[in-house]
Each structure stands twice: as structure tokens, then as C-alpha cells.
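Residue numbers (full-length UniProt numbering): 1 to 265.
Notes follow once the structure below has been shown.
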């Protein structure tokens with residue numbers, strides 16, 4: 001994955017190419033830039049209906065052209081009086097081979113593909129990345145044709161794995177809504193932590209408290225007894241408390257071992 005900062009994004013490759021060309025005309029070292037296509041798709045454009053007559057005609061034409069080229073090559077080394085027979089023979093043999101190569105596969109397909117098409121790989125977005133002088137690049141590409149967005153997100157570099165509640169609140173206050181894309185833990189009250197995400201003791205305690213509150217809502221109002229879900233939440237909180245106490249005790253013991261004034265038995 002290429003590294004750099006996204007300085008501009010475009011809907012089509014031609015606009016991204018024009019942006020890099022604009023940088024080159026301004027004297028910017030374009031070897032530090034990269035064009036990255038995102039969200040790749042395979043597009044198959046249907047060009048028309050395929051029939052036996054069209055297959056025969058196209059096969060004959062392609063074979064005849066190929067045979068004529070081979071015949072012209074041999075004419076260069078042949079006697080002048082034999083040039084025409086060699087050329088006509090090459091066209092005839094090429095047409096015959098082309099007909100066989102085109103019609104036989106079509107007949108063997110059994111009509112499963114009665115259309116002609118052309119395939120190509122396209123991207124939904126083309127990002128222009130720069131590794132140096134990002135501010136200068138953005139100023140040069142300001143108002144570039146076809147630009148759809150500007151962002152500070154680095155490409156190929158890991159971002160933060162845990163979002164604090166204060167950071168989420170700041171995003172909501174600044175923009176009114178969070179940025180598009182996967183949410184991070186702490187951005188929603190009912191969100192569960194993802195696998196591999198490390199939580200601080202404060203975040204874990206807040207998560208367990210919220211989980212207990214949700215599970216406590218399952219309490220039967222008629223019986224006044226706590227549901228098994230609530231009991232499970234209490235067990236999780238108790239286990240968290242015991243884990244914290246054990247960690248503190250272990251830390252205290254390690255400090256006592258390092259203290260030379262603590263008597264040893």
C-alpha cells in the first residue's frame with residue numbers, strides 16, 4: 001500500500017491525471033505523488049447481440065487480415081511473378097483458419113453467451129497522494145476540475161484504535177455528525193468493543209456499568225426479582241473489581257520487594 005496524505009479525490013482517472021499534470025507544470029516534484037484507485041469494480045459493457053452470421057463475418061475478416069500480413073512477409077523474399085499467388089493464398093488460408101477458430105467455439109457454447117462485450121476495471125474514486133509539501137500541493141490543486149473532497153487522512157498508516165468519549169463529543173459539537181466510515185468504541189452508548197481493542201480501566205468500568213443497566217431492564221416487574229442477565233452483569237462487575245484488587249495487591253508486593261527498609265521473613 002502506498003504511503004502519503006490524500007490531497008485531492010476525483011471521480012474519474014482523467015481528472016486525477018490532469019491534477020498531477022498541473023503539479024508537473026508548476027514545477028512540483030511529481031515523483032513524490034501517487035494516484036490510488038479505490039473501490040475497484042469489474043464493468044462488462046455489452047456491445048451487441050451475437051449471432052452465427054456475425055461470428056462468421058468477423059472470423060473471416062480477422063483471419064483474412066492475418067493471412068494477408070503473412071503473405072506480404074513471404075512476398076518480400078519471393079520472385080515478383082509469384083507475389084500475387086502467395087498473397088492470395090495467404091488471405092485464403094488465413095480466412096479458413098479464422099473461420100474455424102471463431103465458429104467452432106461459438107457452436108460448442110450452445111448459445112449460452114449470445115452477446116458480445118468488453119470488460120474493464122474501474123474505480124469509484126481516485127485519490128492523489130503526496131508525501132512532501134502537502135500544503136503546497138493543496139494550494140496548487142485548489143479548485144481543480146472534478147475534485148470531490150479534501151482530507152487529512154494518511155494512507156498506509158495505522159490510526160487510533162480507541163476513541164475517547166470527549167473526542168466523540170468534540171466531533172459531534174464541531175460538525176454535528178461523525179465522519180463516514182467504521183465507528184470506534186465509545187462513539188455509541190450501546191456499542192460493544194471490537195476484538196483486539198484494548199480498553200482502559202475507566203472505559204471498561206463504564207462499559208460494564210452500561211451493560212449492567214441494559215441487562216437490569218430485563219428485571220421482571222411483577223416478581224421484583226432480577227433476571228439472569230442482571231445476575232450475569234453483577235458477576236462481571238464483581239469479577240472486574242476482584243481483578244483490579246489483585247492487580248493492586250501485586251503492584252504493592254512488587255514495591256515492597258524493591259524497598260530495602262521492608263523487613264524480610
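The beta-carbon is built from N, C-alpha and C at its ideal position, and this holds for glycine as well.
- Assignment of beta-bridge partners to residue 10 by DSSP yields 126, 147.
- The DSSP-derived three-state label of residue 76 is coil.
- The segment 29-41 makes no contact with the segment 141-149: fewer than 3 CB pairs, one atom from each, lie closer than 8 Å.
- Residue 63 places its beta carbon less than 8 Å from that of residue 94.
- Per DSSP, residue 200 is not a residue of any alpha helix (DSSP H), being assigned neither H nor E.
- By the criterion of a C-beta distance shorter than 8 Å, residue 106 is surrounded in its chain by 50, 52, 55, once the five residues flanking it on both sides are discounted.
- Shown here for residue 131: same chain residues with a beta carbon closer than 6 Å to its own, the five before and five after excluded, namely 4, 32 in chain order.
- DSSP places residue 37 in the strand class (E or B) of the three-state scheme.
- Per DSSP, reduced to three states, the secondary structure at residue 118 is strand.
- Residue 8 places its beta carbon 8 Å or farther from that of residue 134.
- DSSP, read as helix, strand or coil, puts residue 32 in helix.
- For residue 139, the enclosing alpha helix (DSSP H) stretches over residues 134-140.
- Spanning the alpha carbons of residue 61 and residue 142 requires a straight line of approximately 51 Å.
- Going by C-alpha positions, residue 123 is about 20 Å away from residue 21.
- Residue 45 is bridged by DSSP to 118.
- Inclusion of residue 139 and residue 102 in the CB contact set at 8 Å is not warranted, their separation being larger than that value.
- Of the residues assessed, residue 48 falls on the exposed side of the cut-off, its CB having fewer than 16 other CB atoms within 10 angstroms.
- The shortest C-alpha to C-alpha distance from residue 121 to any of 2, 6, 13 is the one to 13.
- Using a Cβ distance threshold of 8 Å, residue 91 and residue 71 count as a contacting pair.
- In the structure shown, residue 109 falls within a coil segment according to DSSP collapsed to helix, strand and coil.
- Around the beta carbon of residue 43, fewer than 16 other beta carbons lie within 10 angstroms, which makes this residue exposed.
- Secondary structure at residue 208: helix, using DSSP grouped into helix, strand and coil.
- One Cα belongs to residue 1, the other to residue 125, and the distance between them is close to 16 Å.
- In this structure, the straight-line span from the alpha carbon of residue 34 to that of residue 81 is close to 59 Å.
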